[in-house]
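In what follows, a structure is listed as structure tokens, so that the remarks can point back to it.
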Amino acid sequence: MSLTLQQEAVLKTISVMTHVDTNIHPVEVEMVQDIMKQDVGVEVESKDVYIAAKSEYIDDEDVDKYLKSIRKELGADDKALIIRSLKKVVLADGKAHSYELTLFNKVCAALEYTPADIIQL
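The letter at position 113 of the sequence shown is residue 113 when you use UniProt numbering, and the numbering goes up by one with no holes.
This is the structure in structure tokens:
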């Protein structure tokens, strides 16, 4: 699968969110697939989500470093899409856990989004 940097950033970041609680729920995987298809225009298989979620390239401890390293390559729409998509994944199983919220906050900070920016999405 060949992805642009922006598409890869969305897939990797939201896939990592499925793994942050160490238990990847099928509903979260389906949400990632839906987001990628509907919002990004790329169809991904569930195995692609699992691979991205458990990739040695990026994990929940390094997602902010990864995003900071490519932040200048992401447009405002790309950043907003990542944040909106993370929210969908966090809420996919009906509950937001503290470790998911921590990762969400790390991603927002890495993308230089303030609470005021987030509320406007």
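For glycine and all other residues, C-beta sits at the position ideal for the given N, C-alpha and C. Nothing here was measured: the structure is a model prediction, and the numbers come from that model.
Quick check on the DSSP output: the alpha helix (DSSP H) that includes residue 27 runs from which residue to which?
26-35
Counted within 10 angstroms of its Cβ, other Cβ atoms place residue 12 as buried (16 or more) or exposed
buried
Three-state class that DSSP yields for residue 17 in the structure shown:
helix
Going by beta carbon distance, what residues of the same chain come within less than 7 angstroms of residue 84, once the five residues before and after it are set aside?
121
How would you write the range of the alpha helix (DSSP H) that residue 79 sits in, first residue to last?
76-91
Run of the alpha helix (DSSP H) containing residue 49, from where it starts to where it stops:
46-53
Could you have a look at residue 102 and say whether DSSP puts it in helix, strand or coil?
helix
Does the Cβ-Cβ distance between residue 118 and residue 108 come in under 8 angstroms?
yes
Count the CB pairs spanning the region 14-28 and the region 93-111 that are closer than 8 angstroms, and state whether there are at least three.
yes
Report yes if the C-beta distance between residue 44 and residue 31 is below 8 angstroms; otherwise report no.
no
Just reading off the alpha helix (DSSP H) that residue 39 is part of, what are its end residues?
Per DSSP, residue 39 belongs to no alpha helix (DSSP H) and is neither H nor E.
Rounded to whole angstroms, what is the Cα-Cα separation between residue 48 and residue 2?
12 angstroms
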